[in-house]
Amino acid sequence: MGEWMNLAFVESDDVERVTEVLGALVVERGRVLVTPLERVPEAYDPMQYGRGDEVGRWGILALAGAPGWTCVVTMPLELLQVHEPPLLARLARALGRRAFQIDLYDGSGGFLMESDAAGRVEMSGFAPDPTTYWGAGGPPEERVHMRFR
């Protein structure tokens, strides 16, 4: 059984502002903000394995990270990396701050998506399904290894 971790970070220590902007962005996508009721996850839970709008329920948690940073955890895991432009870029642009998400996959490497404060996106690394981010050809050779650009 493989292990993986997907975490996003925003260069801001204002967790409330990050949460407010994220909320506005998901409402723009047609979602409704609610306080979740307790639930029992399914064996193959779409909140864990699904992508973007194919998932009926999204979960987002922002919490204080290292000084000057907010950590964002989402379900589905790649929520901030899907859509065009990615929600991560829209969040960075709306806040005027840098942001990145790192996805680590046991046995298959990792993927890094970064956005500057203007919403420009850089990507590097290799996800389990590289076509998700790179298209049919996979990542260019100079982008296979994760590194901050």
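Start counting the sequence shown at 893; every next residue gets the next number (this note's numbering). Using N, Cα and C, we set each Cβ at its ideal position, and we do this for glycine too.
Residue i versus residue j: straight-line alpha-carbon distance, rounded
i: residue 982; j: residue 1033; result: 27 angstroms
i: residue 969; j: residue 946; result: 13 angstroms
i: residue 924; j: residue 911; result: 14 angstroms
i: residue 998; j: residue 899; result: 15 angstroms
Anticipated Cβ contact below 8 angstroms, residue i with residue j, distance rounded
i: residue 1035; j: residue 1007; result: Their Cβ separation, rounded to whole angstroms, is 16 angstroms, which puts residue 1035 and residue 1007 out of contact at 8 angstroms.
i: residue 987; j: residue 902; result: 7 angstroms
i: residue 959; j: residue 1011; result: With a Cβ gap of about 24 angstroms, residue 959 and residue 1011 do not count as contacting.
i: residue 971; j: residue 1001; result: The pair is not a contact, with the Cβ atoms about 20 angstroms apart (cut-off 8 angstroms).
i: residue 1009; j: residue 984; result: 6 angstroms
i: residue 996; j: residue 897; result: 5 angstroms
For residue i, the three-state DSSP class (helix, strand or coil)
i: residue 929; result: coil
i: residue 939; result: helix
i: residue 1036; result: coil
i: residue 902; result: strand
I'd like the ranges of any beta strand (DSSP E) spanning at least 3 consecutive residues and lying wholly in the region 949-1032. 951-956, 962-967, 991-997, 1001-1007, 1013-1017
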